[in-house]
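Take the sequence shown: its position 54, counting from 1, is numbered 54 in UniProt numbering, and each next residue is one higher.
In this text, a Cβ means the ideal position worked out from N, Cα and C, and glycines have one as well.
Here the structure is a predicted model, which is why all the values come from computation and not from measurement.
Everything on this sheet refers to the single structure shown next.
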Amino acid sequence: MFENGKRSDKLALFQQFTSPPKKPGNDRILDMTDQKVSGMLAHAAMRDMTKDVARDLLFAECFVETERLMLRPMRIEDFNDYAAMMGAADAFEFSDRGPLTRDEAYTRLLRQVGHWTLLDYGTFGVFERYSGEFVGEVGYGDFQRNMGDGFDGVPEACWTIAEAYRGQGYAQEAAHAALQFTEDRLIASRTVALIHEDNGASIHIARKLGYKPFGERQYRGYRAILFARQF
1 MFENGKRSDK LALFQQFTSP PKKPGNDRIL DMTDQKVSGM LAHAAMRDMT KDVARDLLFA
61 ECFVETERLM LRPMRIEDFN DYAAMMGAAD AFEFSDRGPL TRDEAYTRLL RQVGHWTLLD
121 YGTFGVFERY SGEFVGEVGY GDFQRNMGDG FDGVPEACWT IAEAYRGQGY AQEAAHAALQ
181 FTEDRLIASR TVALIHEDNG ASIHIARKLG YKPFGERQYR GYRAILFARQ F
């Protein structure tokens, strides 16, 4: 319940500044104060632990490992790395939007995590297995793009790799693992992807995963190719 003695240290410090001066006959008051403070801190520790346990139980089956990577739903402690990736100058190279501000990245992170609780699928944070370093995100979402029948409401594949980790095949490796996870869980019999017509690297990944083009649309100022894959 107490992590590395941190709670015990807080209890001692709290008692030092909140306990009344010890006087003759005041032992019972001190004991009651100690019990109250201990109870307050124990409750706080239990609350924190309960949140962690609840999160781990909710996402217990949502962990995937590959030869080099580990995929799991993102957590709040991933936010700084996530914001740095989404705020990079080339984060949205094939889009009409620029890098995300910190608050925009935070909203996006909450959206990605929310998919898991509402739809039973979502995007994973991608991490190197042995270093634990944040690599990017990959997975599926329902982004309500208003693309019409055959696209809207169907899990949409997405992947983003931080600049420092590009060129190592991580996007392909992670995307394949996410696809396999989705198929194994029978989330849907069909998935889709929307890719800028000039984004050759992502088009290559989509084709390697078995996605086939089925249309084109104008989306946010650019021409996008629509892909689909039937399980």
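Using a 10 angstroms sphere on the CB of E156, the tally of other CB atoms reaches 16 or more, which defines it as buried. In the three-state reduction of the DSSP assignment, T107 falls in the helix class, which pools H, G and I. In this structure Q172 is in contact with K208, their Cβ atoms being roughly 6 angstroms apart against a cut-off of 8 angstroms.
Minimum Cα-Cα distance from H115 among the listed residues G132, R97, P73, A105 corresponds to P73. For F134, the enclosing beta strand (DSSP E) begins and ends at 134-141.
For Y211, the secondary structure class from DSSP, reduced to helix, strand or coil, is coil. DSSP places T182 in the uninterrupted alpha helix (DSSP H) bounded by 170-184. F151 and V192 have their C-alpha atoms spaced approximately 6 angstroms apart. For A88, there is no enclosing alpha helix (DSSP H), as DSSP marks it with neither H nor E. With the rule of 3 Cβ pairs closer than 8 angstroms, the stretch 74-89 counts as touching the stretch 115-127. If you check the CB distance, S95 and H204 do not come in under 9 angstroms. Partner residues in the beta bridge of C158, as assigned by DSSP, are G139. Nearest neighbour of A201 by Cα position, chosen from Y222, T160, R220, R217, turns out to be T160. DSSP, reduced to helix, strand and coil, places T66 outside both helices and strands of the structure shown, so it counts as coil.
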